[in-house]
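**Q** Chains as they are written, first to last, in the numbering used here: chain A, 6 to 345; chain B, 6 to 345; chain C, 6 to 345; chain D, 6 to 345.
Ideal Cβ positions, reconstructed from N, Cα and C, are used throughout, including at glycine.
Number of protein chains: 4
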Amino acid sequence: MSRKRTIQIGIIGAGRIGKLHAQNLATRIPRAEIAAIADVNLKAAQQLARKYRVENFHDDYQKIMENTSIDAVAILSSTDTHADLMIAAAKAGKHIFCEKPIDLTLEKIDRAIAAVNQAGVKCQIGFNKRFDPGFKQLHDMIRSGKIGDLHILRITSRDPAPPPPAFIKSSGGLFLDMTIHDFDMTRFLSGSEVVEVYAVGDVMVDPIFSKYGDIDTAIITLKLASGVLATIDNSRRAVYGYDQRVEIFGSGGMATIANNPPNMTTYSNARGVVTSKPTDFFLERYLDAYAAEMSAFVEAILDDKPIAVTATDSRIAAVIAMAANKSLREHRPVKLSEIK
Amino acid sequence: MSRKRTIQIGIIGAGRIGKLHAQNLATRIPRAEIAAIADVNLKAAQQLARKYRVENFHDDYQKIMENTSIDAVAILSSTDTHADLMIAAAKAGKHIFCEKPIDLTLEKIDRAIAAVNQAGVKCQIGFNKRFDPGFKQLHDMIRSGKIGDLHILRITSRDPAPPPPAFIKSSGGLFLDMTIHDFDMTRFLSGSEVVEVYAVGDVMVDPIFSKYGDIDTAIITLKLASGVLATIDNSRRAVYGYDQRVEIFGSGGMATIANNPPNMTTYSNARGVVTSKPTDFFLERYLDAYAAEMSAFVEAILDDKPIAVTATDSRIAAVIAMAANKSLREHRPVKLSEIK
Amino acid sequence: MSRKRTIQIGIIGAGRIGKLHAQNLATRIPRAEIAAIADVNLKAAQQLARKYRVENFHDDYQKIMENTSIDAVAILSSTDTHADLMIAAAKAGKHIFCEKPIDLTLEKIDRAIAAVNQAGVKCQIGFNKRFDPGFKQLHDMIRSGKIGDLHILRITSRDPAPPPPAFIKSSGGLFLDMTIHDFDMTRFLSGSEVVEVYAVGDVMVDPIFSKYGDIDTAIITLKLASGVLATIDNSRRAVYGYDQRVEIFGSGGMATIANNPPNMTTYSNARGVVTSKPTDFFLERYLDAYAAEMSAFVEAILDDKPIAVTATDSRIAAVIAMAANKSLREHRPVKLSEIK
Amino acid sequence: MSRKRTIQIGIIGAGRIGKLHAQNLATRIPRAEIAAIADVNLKAAQQLARKYRVENFHDDYQKIMENTSIDAVAILSSTDTHADLMIAAAKAGKHIFCEKPIDLTLEKIDRAIAAVNQAGVKCQIGFNKRFDPGFKQLHDMIRSGKIGDLHILRITSRDPAPPPPAFIKSSGGLFLDMTIHDFDMTRFLSGSEVVEVYAVGDVMVDPIFSKYGDIDTAIITLKLASGVLATIDNSRRAVYGYDQRVEIFGSGGMATIANNPPNMTTYSNARGVVTSKPTDFFLERYLDAYAAEMSAFVEAILDDKPIAVTATDSRIAAVIAMAANKSLREHRPVKLSEIK
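1) In terms of alpha-carbon separation, which member of N264(A), V314(A) and M146(A) lies closest to G257(A)?
2) Which class does L81(C) belong to by DSSP, given the choice of helix, strand or coil?
3) Let me check understanding here. Comparing Cα to Cα, which of E343(B), H100(B), I80(B) and I34(B) lies closest to K56(A)?
4) Is the beta carbon of H87(C) closer than 8 Å to that of M299(C)?
5) Cβ of T284(A) less than 8 Å from any chain D Cβ?
6) Looking only at its own chain, which residues have a Cβ that is under 6 Å from the Cβ of C128(A), when we skip the five neighbours before and after it?
7) Kindly indicate the opening and closing residues of the alpha helix (DSSP H) around V324(C).
8) Give the residues of chain C in contact with S256(D), contact being defined as C-beta atoms less than 8 Å apart.
9) Measure the CB-CB distance between A223(B) and T184(B) and report whether it falls below 8 Å.
10) Among residues of its own chain, excluding the 5 on either side of V45(B), which ones have a beta-carbon nearer than 7 Å to its beta-carbon?
11) In terms of residues, what are the limits of the beta strand (DSSP E) holding G277(B)?
12) Take the Cβ of A94(B) as the centre, count every other Cβ of all protein chains shown within 10 Å, and call the residue buried at 16 or more, exposed below.
13) Taking only beta-carbon positions, decide if K151(C) is within less than 8 Å of chain D.
14) Based on DSSP bridge pairs, tell me the residues matched to R163(C).
15) Grab me the residues of V278(A)'s own chain with a C-beta within less than 7 Å of its C-beta, minus the 5 sequence neighbours each way, in chain order.
16) Contact criterion: CB-CB distance below 8 Å. Does H336(D) meet it with respect to chain A?
17) How would you call G177(D), buried or exposed, if buried means at least 16 neighbouring beta carbons within 10 angstroms?
18) Please list, in chain order, all residues of the same chain as P168(C) whose beta carbon is under 6 Å from its beta carbon, the five residues on each side excluded.
19) Rounded to the nearest angstrom, what separates K96(D) and A124(D) at their Cα positions?
20) What's the call for T131(C), buried or exposed, on a 16-neighbour Cβ count within 10 Å?
21) Taking I225(A) as the reference, which of K105(A), E60(A), A54(A) and E201(A) has the closest Cα?
22) I need the DSSP call for T32(D), collapsed to helix, strand or coil.
23) At which residues does the beta strand (DSSP E) containing Y217(A) begin and terminate?
24) Using DSSP with H/G/I as helix, E/B as strand and the rest coil, what is S74(A)?
25) Helix or strand or just coil, what does DSSP make of I69(B)?
26) Please list the partners that K228(D) has in chain A, where partner means a Cβ-to-Cβ separation under 8 Å.
27) Counting only runs that start and end within the region 121-182 of chain B, where is the alpha helix (DSSP H) found for 4 or more residues in a row?
28) Determine contact between the region 228-243 of chain A and the region 196-216 of chain D, defined as no fewer than three beta-carbon pairs at a distance below 8 Å.
29) Count Cβ pairs between the region 275-295 of chain A and the region 245-254 of chain A that sit closer than 8 Å; are there 3 or more?
30) What do you get for M6(A), buried or exposed, if any count of 16 or more other CB atoms within 10 angstroms of its CB means buried?
31) For a test of the three-state rule: what should DSSP assign to K310(C), helix, strand or coil?
32) Under the assumption that A294(C) contacts D137(C) (Cβ atoms under 8 Å), give the Cβ distance between them as a whole number of angstroms.
33) Give the DSSP bridge partners of Y203(C), in chain order.
34) Closer than 8 Å, CB to CB, is S273(A) near chain C or not?
35) Should S82(C) be labelled buried (16 or more other beta-carbon atoms within 10 Å of its own) or exposed?
36) Just reading off the beta strand (DSSP E) that A263(C) is part of, what are its end residues?
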């Protein structure tokens with residue numbers, strides 16, 4: 006691509022996450038323009054297009070693939086459409102930003118990756134947490150040597166409330182839907198690959214999870230190639246809100262990330278000293294991270310830089326999740342090499 | 006004014022604060038559009054205009070006053086121009102957003118206020134801290150009764166480093182330039198008027214302040230009409246960064262606002278447990294507050310709502326600052342009624 | 006005195022503070038032994054003596070003065086008896102530990118000091134906060150140069166609840182009873198003398214204070230010989246408990262002491278994040294400080310070291326309190342040299 | 006036993022932990038008296054006896070067993086002597102306080118327990134952390150229902166530095182020496198029994214551990230009978246000091262215990278905001294806990310109350326540690342029922 010000042014992006018999916026990315030592209034990312042918005046619900050596409058003065062809106066994503074003025078697509082539709090849309094976009098020669106996960110099966114993930122590779126387009130997957138200023142700073146602190154040799158990594162990731170039943174049903178389960186972020190964070194922070202997984206988990210929050218063969222509470226232990234031992238704990242419901250913490254411990258020291266409070270106010274009265282609950286929920290907590298990941302995608306295209314989170318990164322996180330599922334089922338530590 | 010969807014704003018002043026407001030107007034305030042940018046330095050006006058795709062840029066602010074499609078002006082030029090520009094804008098029937106202070110003399114402040122009142126335009130002064138989410142929450146907490154009867158208010162406001170000598174010379178001095186924010190905050194939080202001021206202060210940070218008859222360190226005690234006792238401490242240089250804290254104490258409890266850290270990372274090693282310095286400096290610390298105050302201004306015009314911080318509010322804060330100066334000079338508590 | 010392994014101490018006063026010091030002497034200070042306990046209430050003396058297996062108890066303090074095996078007395082009776090007991094002890098050649106204040110009048114303070122000086126006995130006054138590990142560490146941090154040149158000192162000192170009316174009546178008022186600790190702390194931390202005081206204050210907590218011509222809420226501004234500016238705020242009732250904080254700000258940095266929580270537990274639920282109220286009240290908050298001051302007194306005698314808090318220190322704190330009273334009455338800054 | 010006012014205690018072992026308990030018994034536990042001190046090193050026994058004015062000191066513990074005026078023994082000698090001393094004390098009809106662990110083999114543990122049961126004496130094992138005010142408060146908070154149903158328990162327990170090689174050799178390994186406290190804490194807080202253990206661990210801190218077939222870093226996952234999932238992480242060296250934290254998460258909220266700082270001072274300068282490292286090491290961190298456990302033991306005897314931490318509690322913790330060792334060796338989750 007010749008050196009352009011801005012790129013034209015076609016958005017596919019005008020739901021919650023579609024709206025968020027549209028807002029960021031329209032207001033915070035000057036080097037990109039929204040060229041068109043498609044959604045199977047035409048009205049949703051139209052409303053979002055009007056809000057940001059985008060001329061083109063469609064109920065058929067093919068219109069976007071056929072639009073030669075569009076450089077890249079942002080695939081923000083439901084998970085079951087991701088792989089096919091990636092393949093279509095790759096064939097149309099569009100660069101791809103796709104929300105995680107690519108798919109719930111390795112087969113479709115691999116087909117999507119093959120299509121991307123064949124087309125030679127750039128493809129970034131939406132592991133937005135890597136772009137959070139706090140986690141990024143932790144990553145850089147580790148690289149700077151302040152932690153020394155890494156020994157123990159602990160991640161706590163708990164949602165404020167379970168998703169709706171319809172979502173649970175098609176989510177792929179706790180590990181593929183939720184812990185997958187923590188698996189990716191483990192790789193991002195440690196710079197090392199997971200070799201073995203042991204998972205325990207149960208239904209403690211809501212019996213609905215049993216109905217879909219899912220769990221809502223888990224502790225996962227990971228062994229990494231570098232020797233680092235990692236432990237992740239998850240819950241689908243923390244009554245105090247969205248709980249997102251990381252701790253890294255090594256020979257040189259320890260770094261922890263506490264939850265982001267929405268403000269720094271402390272209130273003291275006869276009952277105690279009260280501060281704010283964590284910023285809730287992910288759209289707000291990771292507001293800057295969502296903007297930063299899309300900026301990075303736009304820069305990777307315009308400045309021909311490497312993609313920060315590749316489709317292969319996404320595949321690896323999915324494999325770890327599958328190993329965790331197998332560990333839970335078979336009640337034993339499972340090596341990643343067992344997942345084919 | 007008929008119910009319009011957006012207003013057209015003319016920016017006067019393309020310096021540091023002009024750039025900030027331009028960015029907010031362009032990216033975060035959908036109901037306003039920048040119609041023109043004027044600066045005595047035409048190149049500065051042009052560069053800023055180009056960045057946000059604004060067609061009109063001028064080296065003469067009169068062009069903005071004469072442009073009948075412009076609803077409101079944002080006066081972001083140097084302090085000595087504020088009053089005259091307010092008068093010109095009022096005569097041109099433009100609504101006015103003006104950075105603080107209106108002027109360093111009561112005479113010019115009063116002339117500007119008179120012009121605004123006569124023209125019947127809306128006029129908001131840039132006491133941005135009122136719009137900071139933390140201070141706003143503290144304000145609301147007080148109103149909710151959680152603090153009970155207010156007894157003691159403490160404000161700490163310290164800059165990371167002194168301004169350049171040229172600025173010091175024309176700043177009006179510590180109280181009119183810096184403490185004026187804290188005087189306004191005292192009124193905003195307490196909901197009560199200051200009746201008496203006692204100030205002590207000295208040059209401790211840099212002898213340059215002596216040269217201009219100014220001070221760089223001060224403690225100010227205020228008595229409020231409601232009986233609240235307030236204490237403010239200021240310094241022109243806190244080596245650990247921008248220090249902005251408030252504490253309100255009353256019969257029902259206490260609320261404090263700690264400094265905003267840029268991240269929630271804690272690093273522990275053999276030397277201690279280290280967290281981040283406060284977010285530094287005001288452009289970053291009050292990023293959201295600047296956007297919120299301009300939003301409020303735009304909404305006040307479009308929805309015909311009352312102005313949040315009026316020119317009279319600004320005048321009162323200036324009078325308190327003048328009383329503080331008199332107290333320092335005469336080494337005694339000074340009543341506001343002594344300032345004419 | 007020949008090098009002895011332990012000293013014999015006579016306790017005068019078996020009330021609340023007498024019990025505390027008796028416990029410390031009996032269990033935490035191996036180099037001292039309680040030789041006798043006197044109290045006008047013989048039963049109180051007897052009970053306390055029995056608890057710590059002390060053979061001698063009296064209702065007449067003269068028995069202690071006459072007991073030649075006793076090296077030192079701890080004067081822990083009511084304030085109005087302090088000066089006379091000091092004089093009697095000095096005449097009897099006993100070293101003296103006396104609770105603060107020596108007296109509420111300079112005349113009696115000066116007579117007591119004269120007697121001590123004439124007798125050549127060692128005399129320590131109970132400004133226990135100097136011995137608190139936190140304040141001591143702050144003191145040492147200042148001496149080490151980490152704060153650089155001191156600019157601003159802030160002390161917050163608020164009691165959890167007003168004392169009983171009978172105490173208020175004979176307390177000497179807020180400044181002589183309560184702020185006197187903060188005046189001493191100002192001198193201790195800064196290493197500089199107060200030269201001028203400005204005080205504002207009022208009755209906000211309980212009208213009972215008006216009845217005795219006292220106040221319950223105050224802000225005091227101090228100018229120090231070194232140039233340091235200090236501000237103290239006091240309240241007789243903080244509903245969240247005993248509030249004891251100090252902040253020192255200078256050219257090299259800032260150090261703050263937060264309240265001591267009784268534990269490090271944090272509880273998060275749907276309403277917020279709650280930690281413990283401060284340790285309440287002074288007997289518990291300064292438990293270690295009380296033991297440390299008595300240890301220092303015992304060591305000063307046995308090892309012939311200088312006294313840490315002299316009667317003169319106590320006199321100076323009283324003079325500052327008197328200047329604060331005069332400032333409040335006369336509504337102007339008052340120099341210490343005005344107090345005779 | 007008839008209702009006595011105090012009990013006579015014989016101390017066996019005058020090393021580091023012997024000195025600590027002697028100090029507590031002498032100065033903080035008025036209802037107990039040290040009747041005799043025995044140590045194979047007679048000089049050590051003599052010195053400690055002299056310090057607290059104890060008349061009897063021996064190099065043969067049998068002297069204590071034969072002393073009929075002694076009600077109870079405190080077994081504070083090296084681990085390999087614990088079981089035999091417990092048996093001897095039980096036969097002599099003495100109540101027993103014994104430092105953890107009873108022994109490194111179930112066979113000897115069971116013989117000691119049998120002797121205690123047969124003699125009908127009271128026996129408390131030194132799991133001191135149960136008596137820490139913070140952990141106790143957490144325990145009570147859980148019982149009060151504030152956490153709701155417990156879901157996840159997390160314990161971090163890291164030492165500041167590895168013990169000396171001689172100690173490592175005879176320690177029984179990480180799980181029996183160090184994690185055993187965390188296993189006991191898991192039972193204490195949850196009120197539930199561990200049913201299965203999975204452990205990963207390695208040598209990361211110091212190769213010396215390999216030499217003795219030991220590890221220095223571990224993550225242990227526990228399943229409890231109540232359904233609670235627990236995770237413990239250990240390290241033999243945290244460069245920032247003694248790290249002792251617990252978090253309990255449930256349907257009603259979360260409670261965490263942070264490290265105890267030695268003071269509440271915060272220092273801010275150009276490099277960041279620094280607070281103190283955790284209180285280091287266990288003798289200081291658990292100072293109050295050591296006194297409280299001995300008080301509880303004395304009260305259990307004098308007031309005939311149940312023992313807080315029984316020999317059976319100690320046996321169960323040892324069994325969990327053995328299951329963790331087996332899990333590590335066999336690389337699979339191990340049920341407690343597998344340990345015979």
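**A** Straight from the coordinates:
1) If we check each option's Cα against that of G257(A), M146(A) comes out closest.
2) Note: L81(C) maps to coil in three-state DSSP.
3) Distances from the CA of K56(A) to each of E343(B), H100(B), I80(B) and I34(B) were compared; the closest alpha carbon is that of I34(B).
4) Contact flag unset, no.
5) With its beta carbon at least 8 Å from every one in chain D, T284(A) lies outside the interface.
6) I101, V121 and A316, listed in sequence order.
7) In the DSSP annotation of this structure, the continuous segment of the alpha helix (DSSP H) that includes V324(C) starts and ends at A316 to E335.
8) Those do not exist, as S256(D) stays about 10 Å from chain C at its closest Cβ, beyond 8 Å.
9) Yes, the pair counts as a contact, with Cβ atoms nearer than the cut-off.
10) Here the set comprises D64.
11) Counted as a single uninterrupted DSSP element, the beta strand (DSSP E) harbouring G277(B) occupies residues G277 to T280.
12) Buried is the label assigned to A94(B), since at least 16 other Cβ atoms lie within 10 Å of its Cβ.
13) Yes, contact with chain D.
14) According to DSSP, R163(C) shares a beta bridge with S240(C) and D248(C).
15) These residues qualify, in order along the chain: T271.
16) Yes, contact with chain A.
17) By the neighbour-count criterion, in which a residue is buried when 16 or more other Cβ atoms sit within 10 angstroms of its Cβ, G177(D) is buried.
18) So the list is empty, once near-sequence residues are dropped.
19) Each residue's Cα considered, the two are about 6 Å apart.
20) Looking at the sequence provided, one finds Gly at residue 131(C) rather than Thr. Classified as buried, G131(C) has 16 or more neighbouring CB atoms from the shown chains inside 10 Å of its CB.
21) Looking at the Cα atoms, E201(A) is the closest of the given residues.
22) Of the three classes helix, strand and coil, the one that applies to T32(D) here is helix, per DSSP.
23) Unbroken run through Y217(A): none, as it is neither H nor E.
24) Of the three classes helix, strand and coil, the one that applies to S74(A) here is coil, per DSSP.
25) Here I69(B) sits in helix by DSSP.
26) Ordered by position in chain A, the residues that pass the 8 Å Cβ test against K228(D) are V205.
27) With a minimum length of 4 residues, the continuous alpha helix (DSSP H) runs that stay inside the region 121-182 of chain B are 138-148 and 170-175.
28) Taking a contact to require three or more Cβ pairs closer than 8 Å, the region 228-243 of chain A and the region 196-216 of chain D qualify as touching.
29) Flag = yes, the region 275-295 of chain A and the region 245-254 of chain A touch.
30) Only weak support is given to the placement of M6(A): the predicted model assigns it a pLDDT of 39, under 50, and the value that follows is read from those uncertain coordinates. With fewer than 16 other Cβ atoms within 10 Å, it is exposed.
31) Of the three classes helix, strand and coil, the one that applies to K310(C) here is coil, per DSSP.
32) Correct: roughly 4 Å between the Cβ atoms.
33) Y203(C) is bridged to T226(C).
34) Answer yes: the Cβ-Cβ gap between S273(A) and chain C drops below 8 Å somewhere.
35) Buried: at least 16 other Cβ atoms inside 10 Å.
36) For A263(C), there is no enclosing beta strand (DSSP E), as DSSP marks it with neither H nor E.
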